[in-house]
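**Q**
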């Protein structure tokens, strides 16, 4: 992305904007970042795509739900996960961050009919799972704020 100042719309929306939304990054800050990162960051593209679709900053004025997902959806798209150190089925932080996002914003999203199934699944998560989700969100947020690389934890005993 940095080398070419370009990225496919799936990478922009479902990887970059998804991760930043899951991390509760300010929509305005993400929009400003897009202006710097992409050579084709035209106002008629960046503003609606980032503020409306990418971050749900406009609520349901422009889209019907936040475009957020966990690792299984990203893995289905293929390319974003192929070169990643995380395994989307075992240790990817994106999935617990997805659940943590839904938990943090559950009240605001509760009336959205497109989120009834994910929110019902959220309520079925065990207290231990929900605690791990919240802890993962905090750990990833802190690591990135400190400029650290987020990487998989080594396997126990090895």
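In the numbering used here, the protein residues as written are 952 to 1109. Note that beta-carbon positions come from the ideal geometry of N, C-alpha and C, so glycine has one too.
Who are the Cβ neighbours of residue 997 in its own chain at under 7 Å, not counting the five residues just before and after it?
**A** 982, 985, 986
**Q** State buried or exposed for residue 995, treating a residue as buried only when at least 16 other CB atoms are found within 10 Å of its CB.
**A** exposed
**Q** Could you compute how far the alpha carbon of residue 977 sits from the alpha carbon of residue 1092?
**A** 13 Å
**Q** May I have the straight-line CA-CA distance separating residue 1101 from residue 965, to the nearest angstrom?
**A** 19 Å
**Q** Taking DSSP as the reference, what is the three-state secondary structure of residue 1107?
**A** The predicted model places residue 1107 with a pLDDT of 46, which falls under 50 and marks its position as unreliable; any figure quoted below should be read in that light. DSSP places residue 1107 in coil when its eight states are reduced to three.
**Q** Using 8 Å as the cut-off, can you tell me whether the stretch 1039 to 1051 makes contact with the stretch 1022 to 1031, which would need three or more C-beta pairs spanning the two stretches below that distance?
**A** yes
**Q** Using alpha carbons as the reference points, say which of 999, 961, 1005, 974 lies closest to residue 968.
**A** 1005
**Q** Residue 1049 by DSSP, collapsed to three states: which one?
**A** helix
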